[in-house]
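Trainee: In this note's numbering, the protein residues as written are 208 to 669.
Glycine included, C-beta positions come from ideal geometry on N, C-alpha and C.
No experiment lies behind these values; they were computed from the predicted model shown.
Pasting a structure here, questions to come.
Written out as structure tokens, the structure is:
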């Protein structure tokens, strides 16, 4: 696939604009999505390549009108974020590349600075079809960059090489937890020539570690002020943290709702909230999205007899979900299995103390340590194991799936331990050999075949 300059981001902006209009009338949107399902649901092909990703982002025809109405606010936030990236391309404001888990607030607290987050880009690069990921990966491979780096980071690097992302004016990266993210930030620093600052992310969630992390965030902001010649807006930061607290309260409640039997069925919505929060933490639109999703869940738990979906078994995905396609809705429709938790669909966040700038920054730092992927991958292996034990018990899981993402050395090294956890709980586990971004490693059809065999072999399907 040959990409035009900025084709991916322009497609995302067009899709977000369409979403804000269409989802303003959620019942009509629901009918339209249902009508499109026969063309979209089962696999990507020539006729749906440019629109299937958007179809999957709004629930693959499995979402209710209430969930569609909630997602309208995510579309508004997405549009605002990526429009600023294009503004940076046009020279209207500088762009700051933020490695994960650098809080977006480090850049968005400026009044006239755009941010780019690799985790956000990899999640939307399929707006041009799944070959969008492949095109970015092939660009990196042509440069001889090692393919054992996580595909998420290689996609972002390839996107820069293919003129899908503007040149950054500054880079703020992290030394921990992801070695691929650190490597990619160093490569970006070398390729772009942009000045860089590296944060020493907290190794644990202990106060002393988080305090050091938060001090690094203050220093990163000072670095950006000096590099960009702009002043940080601390009043804006305070407002964003208050909004973040409110969003987190709803996300906590929604996560607890998925523990119910039957669950509220909102794990895909929580995955969406994870992606939106990475780029839009502090945006009031995300509070509206979380509030609407919370109301959907509360109604479902209050009136379970009105639910059309049948929950036959419950799944924990001990991994990031597959990104180049959407599997949870396919599992639900095909087998009646419900994903009740995964790395990013488990949103439990501590309350942030808004007493002072110092307590607020420490709260933002701790908040990112509780976000999916970082929560499981920072620190010792015990973090991941304890989190899986908790999910299996609290969410009454019947089985566990690990996608085996090729780029995550942390997760792959833990596979034997994860098997032992499942054995102790007497539940079956499937460990695949997929790459959640790169369909060339294991295609959608191959993943579905392996999932089907696992469900049949363990009595969940016939």
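What beta strand (DSSP E) runs, 3 residues minimum, are completely inside the region 292-367?
Mentor: Qualifying beta strand (DSSP E) stretches, in chain order: 302-305, 321-323.
Trainee: Hey, residue 550 and residue 534: beta-carbon distance below 7 Å or not?
Mentor: Taking the first residue of the chain shown as position 1, residue 550 is located at position 343. Taking the first residue of the chain shown as position 1, residue 534 is located at position 327. No.
Trainee: Identify which residue in 501, 455, 471, 466 has its Cα closest to the Cα of residue 481.
Mentor: Indexing the chain shown from 1 puts residue 481 at position 274. Out of 501, 455, 471, 466, 455 has the C-alpha closest to the C-alpha of residue 481.
Trainee: Residues bridged to residue 405 by DSSP?
Mentor: Here residue 405 refers to the residue found at position 198 of the chain shown. BP columns for residue 405 point to 380.
Trainee: What are the boundary residues of the alpha helix (DSSP H) that residue 663 is part of?
Mentor: Sequence index remark: in the chain shown, residue 663 carries index 456 (1-based). Taken as a continuous stretch (DSSP letters only), the alpha helix (DSSP H) holding residue 663 covers 651-664.
Trainee: In whole angstroms, give me the CA-to-CA distance for residue 434 and residue 662.
Mentor: Position 227 of the chain shown, counted from the start, is the residue given in the question as residue 434. Position 455 of the chain shown, counted from the start, is the residue given in the question as residue 662. One C-alpha to the other measures close to 54 Å.
Trainee: Tell whether a beta-carbon distance below 7 Å holds between residue 536 and residue 269.
Mentor: For the purposes of this step, residue 536 is taken as residue 329 along the chain shown, with counting starting at 1. For the purposes of this step, residue 269 is taken as residue 62 along the chain shown, with counting starting at 1. Cβ distance < 7 Å, so residue 536 and residue 269 count as in contact.
Trainee: So if DSSP puts residue 607 in a beta bridge, which residue, or which two residues, is it bridged to?
Mentor: Residue 607 sits at position 400 when you count from the first residue of the chain shown. In the DSSP output, where bridge partners are listed per residue, residue 607 has 523, 636.
Trainee: Roughly how many angstroms separate the alpha carbons of residue 532 and residue 266, rounded to a whole number?
Mentor: Stepping through the chain shown from its first residue, residue 532 is reached at position 325. Stepping through the chain shown from its first residue, residue 266 is reached at position 59. Residue 532 and residue 266: Cα-Cα distance of roughly 12 Å.
Trainee: Is residue 517 helix, strand or coil when you go by DSSP?
Mentor: Position 310 of the chain shown, counting from 1, holds the residue named residue 517. Here residue 517 sits in coil by DSSP.
Trainee: Using the C-alpha atoms, what's the distance from residue 316 back to residue 443?
Mentor: Counted from its first residue, the chain shown places residue 443 at position 236. Counted from its first residue, the chain shown places residue 316 at position 109. Taking the straight line from one Cα to the other gives about 6 Å.
Trainee: Determine, using beta-carbon pairs with one atom in the region 275-286 and one in the region 486-501, whether at least three such pairs fall under 8 Å.
Mentor: As far as the Cβ criterion goes, the region 275-286 touches the region 486-501, which means the pair count is three or higher.
Trainee: DSSP three-state label for residue 213, please.
Mentor: By 1-based counting over the chain shown, the position of residue 213 is 6. Residue 213: coil per DSSP, three-state reduction.
Trainee: Starting from residue 416 and walking both ways along the alpha helix (DSSP H), at which residues does that stretch end?
Mentor: Here residue 416 is taken as the residue at index 209 of the chain shown, counted from 1. It spans 414-435 - the alpha helix (DSSP H) in which residue 416 sits, taken as one unbroken run.
Trainee: Can you round the beta-carbon distance between residue 677 and residue 208 to whole angstroms, since I take them to be within the 8 Å contact cut?
Mentor: Lying outside 208 to 669, the shown extent of the chain, residue 677 is not represented and no answer is given.
Trainee: For residue 676, which of 510, 606, 447 has the nearest alpha-carbon?
Mentor: No answer is possible for residue 676: the residues shown for the chain start at 208 and end at 669.
Trainee: Check for me: the alpha helix (DSSP H) holding residue 494 runs from which residue to which?
Mentor: Along the chain shown, one-based indexing puts residue 494 at 287. Here the alpha helix (DSSP H) through residue 494 covers 491-509.
Trainee: Quick check on residue 628: does DSSP put it in helix, strand or coil?
Mentor: The count along the chain shown starts at 1 and reaches residue 628 at position 421. The answer is helix: DSSP assigns residue 628 an H, G or I state.
Trainee: Would you decide whether residue 474 is buried or exposed? Buried here means 16 or more other CB atoms lie within 10 Å of its CB.
Mentor: Reading the chain shown from its first residue, position 267 is the one you call residue 474. Burial call: buried.
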